[in-house]
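Undergrad: Provided herewith is a single structure, encoded as structure tokens, for subsequent inquiry.
Protein chains: 2
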Amino acid sequence: MKLSTKSRYGTRLLLDMAQHYDQGPIHLGEIAKRQDISVKYLEQIIIPLKKANYVLSVRGPKGGHFLARPPEEITLGEIVALLEEGPSLAECSEHAEVCQRSNLCPTRLIWKEVAQAMFDKLHAITLADLAERARAGAQGA
Amino acid sequence: MKLSTKSRYGTRLLLDMAQHYDQGPIHLGEIAKRQDISVKYLEQIIIPLKKANYVLSVRGPKGGHFLARPPEEITLGEIVALLEEGPSLAECSEHAEVCQRSNLCPTRLIWKEVAQAMFDKLHAITLADLAERARAGAQGA
DNA sequence: TGTATTATATATTAAGTCTATATAGAATTA
DNA sequence: TAATTCTATATAGACTTAATATATAATACA
Numbered sequence: 011m012k013l014s015t016k017s018r019y020g021t022r023l024l025l026d027m028a029q030h031y032d033q034g035p036i037h038l039g040e041i042a043k044r045q046d047i048s049v050k051y052l053e054q055i056i057i058p059l060k061k062a063n064y065v066l067s068v069r070g071p072k073g074g075h076f077l078a079r080p081p082e083e084i085t086l087g088e089i090v091a092l093l094e095e096g097p098s099l100a101e102c103s104e105h106a107e108v109c110q111r112s113n114l115c116p117t118r119l120i121w122k123e124v125a126q127a128m129f130d131k132l133h134a135i136t137l138a139d140l141a142e143r144a145r146a147g148a149q150g151a
Numbered sequence: 011m012k013l014s015t016k017s018r019y020g021t022r023l024l025l026d027m028a029q030h031y032d033q034g035p036i037h038l039g040e041i042a043k044r045q046d047i048s049v050k051y052l053e054q055i056i057i058p059l060k061k062a063n064y065v066l067s068v069r070g071p072k073g074g075h076f077l078a079r080p081p082e083e084i085t086l087g088e089i090v091a092l093l094e095e096g097p098s099l100a101e102c103s104e105h106a107e108v109c110q111r112s113n114l115c116p117t118r119l120i121w122k123e124v125a126q127a128m129f130d131k132l133h134a135i136t137l138a139d140l141a142e143r144a145r146a147g148a149q150g151a
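Keeping their order, the protein sequence lines are chains F and X.
For the first sequence, our numbering assigns the number 151 to the last residue and increments by one with no breaks.
For the second sequence, our numbering assigns the number 151 to the last residue and increments by one with no breaks.
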């Protein structure tokens with residue numbers, strides 16, 4: 011039930027980009043240093059974020075990555091759902107066909123409702139909110 | 011972020027016992043058949059539930075397991091927190107010392123708040139509620 | 001034109017976790 | 001004493017996680 015490093019690091023990666031929004035492309039080496047995550051691992055994590063069009067990139071010197079949309083328009087719900095491969099806590103919640111008991115199992119719907127509560131919360135928080143929290147000091151939550 | 015089979019099967023195990031509450035000890039073979047989970051795996055899952063005093067057992071023929079408390083008094087929040095080893099989505103949420111950045115990382119508190127939303131929901135559902143849902147037909151959620 | 005810089009693509013891997021199964025032993029009933 | 005059930009411990013294959021490594025492609029700038 012723990013979040014993977016993929017979604018946790020991915021969130022920090024995007025937060026870092028949000029904190030430098032409108033400052034041109036930022037290369038991963040810089041983010042890696044600031045966030046203390048290996049460049050190689052960030053390179054891997056950024057792939058789905060590019061595919062899903064949250065991030066645009068330019069190659070070469072002075073190249074790097076930047077957010078495709080303003081931080082106000084990207085929620086943590088989208089990010090976590092993307093990097094955790096779906097917004098569900100159990101396979102059967104989204105794909106009833108994986109279990110024969112789906113149509114009469116009361117736990118299946120519970121997992122669905124709980125995931126909903128979780129993602130309602132995540133969808134209410136944007137990268138801009140997160141950046142604001144960071145500015146205000148992490149304590150002020 | 012998916013729930014482990016341990017907590018999903020564990021919930022079904024306890025639900026089955028709730029559905030047969032006050033009917034004396036039930037052996038795992040019976041539950042295994044009803045829930046379509048191997049006896050051997052259930053034997054493993056029931057250990058922490060016994061240690062945490064949710065389940066009592068008697069050995070020998072006519073032996074089996076039964077809930078130590080009425081189904082109304084056991085919430086899914088307790089069960090999931092027990093079997094997922096804590097009610098958190100990230101190690102740092104509960105143990106700030108695992109990461110040097112804890113005191114200034116805004117994501118840490120987010121994961122904490124999201125886990126809270128999730129467990130608020132889970133704590134609001136008892137085994138009795140779950141049994142009632144099962145009786146009413148799984149659709150009726 | 002050439003070199004440094006950055007992104008991109010693919011492969012590899014070590015460790016750990018998940019999901020079980022197997023074997024042996026202890027307690028209880030009849 | 002035999003059958004039944006729980007209990008304890010060990011084992012194991014598959015998968016996932018969390019990376020690292022190597023090679024290639026594109027671009028800026030001197």
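For each residue, glycine too, the CB sits at the ideal point set by N, CA and C.
1) Please name the residue in X:74, X:109, X:59, X:72 whose C-alpha comes closest to that of residue 95 of chain X.
2) According to DSSP, which residues form a beta bridge with residue 36 of chain F?
3) What does the Cβ neighbour count give for residue 44 of chain X, buried or exposed, with the cut at 16 atoms within 10 Å?
4) Specify, as a first and last residue, the run of the beta strand (DSSP E) that residue 49 of chain X falls within.
5) Just curious, the beta strand (DSSP E) that residue 103 of chain F is in, first and last residue?
6) Relative to the alpha-carbon of residue 40 of chain X, which residue among X:21, X:75, X:12 has its alpha-carbon at the smallest distance?
7) Do residue 93 of chain F and residue 20 of chain F have their beta-carbon atoms positioned less than 8 angstroms apart in this structure?
8) Tell me the DSSP secondary structure of residue 151 of chain X in three-state form.
9) Answer yes or no: does any C-beta atom of chain X fall closer than 8 angstroms to that of residue 127 of chain F?
10) Just the chain F side, please: which residues come within less than 7 angstroms of residue 100 of chain X by C-beta, in chain order?
11) List, in chain order, every chain F residue whose beta-carbon is nearer than 7 angstroms to that of residue 124 of chain X.
12) So, is the C-beta of residue 35 of chain X closer than 8 angstroms to a C-beta in chain F?
13) Can you tell me whether DSSP reads residue 14 of chain F as helix, strand or coil?
14) Using a Cβ-Cβ distance cut-off of 8 angstroms, determine whether residue 107 of chain F contacts chain X.
15) Kindly identify the DSSP beta-bridge partner or partners of residue 67 of chain F.
16) Just checking, does the region 117-133 of chain F make contact with the region 84-92 of chain F on the three C-beta pairs under 8 angstroms criterion?
17) Going by the beta-carbon positions, is the gap between residue 52 of chain F and residue 100 of chain X smaller than 8 angstroms?
18) Can you find a C-beta in chain F that's less than 8 angstroms from the C-beta of residue 85 of chain X?
TA: On the basis of the data shown:
1) Of the residues X:74, X:109, X:59, X:72, the one whose Cα lies closest to the Cα of residue 95 of chain X is X:59.
2) Note: residue 36 of chain F sits in a beta bridge opposite F:75.
3) Residue 44 of chain X should be labelled exposed.
4) DSSP places residue 49 of chain X in no beta strand (DSSP E) but in the uninterrupted alpha helix (DSSP H) bounded by 49-61.
5) From DSSP, residue 103 of chain F is part of no beta strand (DSSP E) but of the alpha helix (DSSP H) over 101-104.
6) Check the Cα spacing between residue 40 of chain X and each of X:21, X:75, X:12: the tightest is with X:75.
7) For the pair residue 20 of chain F and residue 93 of chain F, the CB atoms are nearer than the 8 angstroms cut-off.
8) Per-residue confidence for residue 151 of chain X stands at a pLDDT of 43, beneath the threshold of 50, marking its modelled position as unreliable; no derived number is given.
9) So yes, residue 127 of chain F belongs to the interface.
10) Per Cβ cutoff of 7 angstroms: 12, 13, 18.
11) Near residue 124 of chain X (Cβ distances below 7 angstroms), the residues of chain F are 128, 131, 132.
12) It does not: the Cβ of residue 35 of chain X has no partner Cβ on chain F nearer than 8 angstroms.
13) Here residue 14 of chain F sits in coil by DSSP.
14) Taking 8 angstroms as the threshold, the shortest C-beta distance from residue 107 of chain F to chain X does not fall below it.
15) BP columns for residue 67 of chain F point to F:75.
16) In this structure the region 117-133 of chain F touches the region 84-92 of chain F; the number of beta carbon pairs closer than 8 angstroms is three or more.
17) Taking 8 angstroms as the Cβ cut-off, residue 52 of chain F and residue 100 of chain X do not qualify as a contacting pair.
18) Chain F, which has no Cβ nearer than 8 angstroms to the Cβ of residue 85 of chain X, makes this no.
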